[in-house]
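Residue numbers (the working numbering): 57 to 341. Glycine included, every Cβ here is placed at the ideal spot set by N, Cα and C.
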Ligand SMILES: [Zn+2]
């Protein structure tokens, strides 16, 4: 089967924005490219999609056409640009009711959006995407839901969590699990056989050792990937045009997370490597 399957490529765009394609079908997680400064967000000033940054990122990343866009949850660093991305490169916007309300606020038609739930499966060409509902990383700043169309510019605090999801991409050549938020539902992923795990590590360095152990257990040990690629480690208030750097020390302890990943990787024998923004890999070859 793997011999006839088309080669799957995967490109990282910072935070948990990941594009997966086999050259025929294309699926994007989040598609957050505007990345307004964290100072602006902290001061409660309004944020809005930056159309130039969105266009630049899509063209530099080679995303010309999408079948689907899946949004992990409705904080601005996941959902904010998703309607504009769909408007540019097509595809159906998939997410919680809160995400759909962000689409409505941007003027997307109902036929361009689909509300997702735990356990859903969607087929796009040779890909099947499975939806797993999870939990936001501890210390959710803007819990709750977006209950009506959200029209930008809006404060980051208006982008409330809604549902929180992970996405499993099954393809004849292999499987990829994108797990954006560093939290877990015990035993949720048991029995999955994953080749590549995109593992959210945002704010993981600030959690207890117990939490970190449990997190590794219920994600990496549960899915037994051949490779772990951390996501949501970068300072998402910094333009993708600049060299990425980790989240500021005020919000996370990246050095501690790195130590943890190094130790767990050595103990378990599961390789952990970082993918740089715009870097494309062929995970199954
Ligand atoms: Zn969030």
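Nearest-angstrom Cα separation, counted from residue 228 out to residue 72 = 24 Å
query = Are the beta-carbon atoms belonging to residue 310 and residue 261 less than 7 Å from one another?
reply = yes
query = With respect to 6 Å, is the separation between the Cβ of residue 288 and the closest non-hydrogen atom of ligand 1 below this value?
reply = no
request  = Closer than 6 Å is what we want: which residues have a beta carbon that near any heavy atom of ligand 1? List them in chain order.
outcome  = 129, 131 and 192
task = Return the chain-ordered list of same chain residues with a C-beta closer than 7 Å to the C-beta of residue 87, the five sequence neighbours on each side being excluded.
result = 73, 125, 137, 138 and 141
task = Tell me whether residue 60 sits in a helix, a strand or coil according to DSSP, three-state version.
result = Summary for residue 60: the model assigns pLDDT 48, below 50, so the residue's position carries little reliability; its value from the coordinates is reported in the next sentence. If DSSP states are grouped into helix, strand and coil, residue 60 belongs with coil.
message = Quick check: the stretch 193-213 against the stretch 107-118, are at least 3 beta-carbon pairs closer than 8 Å?
response = no
ask   = Which stretch, first to last residue, makes up the beta strand (DSSP E) that contains residue 188?
value = 183-189
Nearest-angstrom Cα separation, counted from residue 209 out to residue 108 = 16 Å
key: Selection from 217, 181 and 103 that minimises the alpha carbon distance to residue 195   = 217
request  = Note down, one range per segment and in chain order, each alpha helix (DSSP H) of at least 4 residues found wholly within the stretch 62-130.
outcome  = 94-98 and 107-116
task = Enumerate in chain order the residues of its own chain whose CB-to-CB distance from residue 368 is below 8 Å, with the five nearest sequence positions on each side excluded.
result = Examination of residue 368 is not possible in this model, given that the chain is present from 57 through 341 alone.
request  = Please work out which residues of its chain come closer than 7 Å, Cβ to Cβ, to residue 160, disregarding the five sequence neighbours upstream and downstream, and give them in chain order.
outcome  = 205
key: Inter-stretch contact (C-beta, 8 Å, three-pair minimum) for the stretch 266-284 and the stretch 313-321   = yes
key: Same chain only: Cβ atoms within 8 Å of residue 191, ignoring 5 sequence neighbours per side   = 220, 237, 239, 240 and 241
message = Whole angstroms are fine: how far does the CA of residue 63 sit from the CA of residue 90?
response = 30 Å
key: Between the CA atoms of residue 171 and residue 336 - distance to the nearest angstrom   = 29 Å
ask   = If you drop the 5 nearest sequence neighbours on each side, which residues of the same chain put their C-beta closer than 8 Å to that of residue 182?
value = 61, 62, 78, 80, 81, 227 and 228
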